[in-house]
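Asker: Okay, here's the structure, questions in a sec.
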Amino acid sequence: RLARALAAAAVGGHNVLLVGAPGNGKSTLARALGALLPPLDRDERREVMALRSAAGLPVDGSRGRPLRAPHHSLSLAGLIGRQGSGGRPGELSLAHRGLLFLDELPEFRRDVLEALREPLEDGALLVSRGAGSLRWPARFQLAAAMNPCPCGQSLRGREHCRCTPGQVQRYRGRVSGPLLDRIDLILEVPAWRGRPGADRLSPAAACALRRRILRARRRLRAGRVGTLDAVDAAWLDARLAETGASYRQRLKLRALARSLAALDGARRPGRDVLLESLDLGLRWRLALSAPGAS
């Protein structure tokens, strides 16, 4: 299930939040998503090289997409960059055309988290200082990870969790509703119970999955995956109305359904894919938004 969800995220460029206990492999999964993304094309590579050069970083011309994983002690200036003489891009722009991974999401400063909203919406960032301003490109895909509660053990049951309902609510509340609104998939990462390494794809399987993702991306871009038919659209709207989902969430769920359909080689999303999209996009969102949820 997680592999399919990450593949759909790679197809549609969907933002992902991974929720699970410490040591469950959230960081590994986020980096696996980065490995599933297709290589940069020529124009994208030029953009990435220009931003690295502006930041004073080595420029190697690699076709691999950027993967930035700043520590949660990151300052606002480190995130958005500096306007200064000549300007210097921050982590948001260094992740342009690639993946920005934020581990321990609730531990980041509130101003840092809120600064994600503009580029997640617009793909660019306006940095203003005094009378001047500078616009940096910042079209990245977000992968974030967090524990379900301060101690990290609430998914194992109340007997394992040391947190009070108030502590859980305050911890989850550090990630604001408007930021959650910009995340497409919220995935629970359970503890792995198999033998070590058994959950890893073989090189051949990973290569086949990347080819499948690339084909699905091409189908989406070529308009070969249609929108919902009238009956399914009405059914989805009725389900979303029951949850109080925002207009942005509704658009994101429809886009996620199209990515899953593209991955399956389908002409349009069917009811099974819509149910899957609701599970991937809404179940944990409701839990994170509910006061005192555990």
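If you read the sequence shown in the numbering used here, its first letter stands for residue 63, the second for the next number, and so on.
A virtual CB, placed ideally from N, CA and C, is assigned to each residue, including glycine.
1) Helix, strand or coil, according to DSSP, for Q215 in the structure here?
2) Note down, one range per segment and in chain order, each beta strand (DSSP E) of at least 3 residues found wholly within the region 135-193.
3) Can you name the start and end residues of the beta strand (DSSP E) that I248 belongs to?
4) According to DSSP, simplified to helix, strand and coil, what is S195?
5) One question on the structure: do G343 and L318 come within less than 8 Å of each other, judged by their Cβ atoms?
6) Can you check whether the CB of G143 is closer than 8 Å to the CB of F202?
7) In three-state terms, what does DSSP make of L113?
8) What does DSSP give as the partner residues of A205 in its beta bridges?
9) Could you give the C-beta distance for P252 and N86, rounded to a whole number, given that I count them as a contact under 8 Å?
10) Could you give the DSSP three-state label for R130: helix, strand or coil?
11) Closer than 8 Å is the cut-off here; do at least three beta carbon pairs connect the region 90-109 with the region 193-213?
12) 8 Å is my cut-off, CB to CB: does L182 come that close to chain B?
13) When we look at the beta-carbon of E221 and count the other beta-carbons within 10 Å, is it buried (16 or more) or exposed?
14) When the Cα of A83 is compared with those of L217, W346, R108, G75, which residue comes out closest?
15) Between R63, V81, A70, which lies nearest to A349 when the distance is taken from Cα to Cα?
16) Thinking just about the alpha-carbon of each residue, which of A71, S308, L302 is nearest to the one in L336?
17) Which residue wins for smallest C-alpha separation from R171, given the options D243, R224, S238?
18) In three-state DSSP terms, what is T90?
19) Out of L188, A71, A278, P168, which has the shortest C-alpha to C-alpha gap to H58?
20) By the DSSP assignment, the alpha helix (DSSP H) with R286 in it spans what residues?
21) Going by the beta-carbon positions, is the gap between A102 and R130 smaller than 8 Å?
22) Let's see if you can read the secondary structure: which residues bound the alpha helix (DSSP H) around P240?
23) So for A328, helix, strand or coil by DSSP?
24) Candidates G75, P151, R330: which alpha carbon is nearest M111's?
25) Applying the 10 Å Cβ sphere with the 16-neighbour rule, what's the burial state of E304?
26) Return the residue from the list A324, R333, R329 that minimises the CA-CA distance to V73.
27) So, is Y233 buried or exposed, given that buried needs 16 or more other C-beta atoms within 10 angstroms?
28) Measure from the alpha carbon of D334 to the alpha carbon of each residue in W346, D246, S308, D294, then state which is nearest.
29) State the CB to CB distance for the pair L154 and L141, rounded to an integer number of angstroms; the pair is presumed to be in contact (CB under 8 Å).
Answerer: Concretely, from the data shown:
1) coil
2) With a minimum length of 3 residues, the continuous beta strand (DSSP E) runs that stay inside the region 135-193 are 161-164, 186-191.
3) 247-250
4) strand
5) yes
6) no
7) helix
8) Here A205 is bridged, per DSSP, to V78, F163.
9) 7 Å
10) strand
11) yes
12) Absence of chain B from the displayed structure is noted, only one protein chain being present.
13) exposed
14) L217
15) V81
16) L302
17) S238
18) It is helical.
19) This structure cannot settle anything about residue 58, because the visible part of the chain is limited to 63 through 356.
20) Note, R286: premise wrong, no alpha helix (DSSP H); not H, not E.
21) The sequence given here has Leu at residue 102, not Ala. Not closer than 8 Å, so no.
22) 239-242
23) coil
24) P151
25) exposed
26) A check of alpha carbon separations from V73 across A324, R333, R329 identifies A324 as the nearest.
27) buried
28) Ranking the options by Cα distance to D334, first place goes to D294.
29) Right, their Cβ atoms sit about 6 Å apart.
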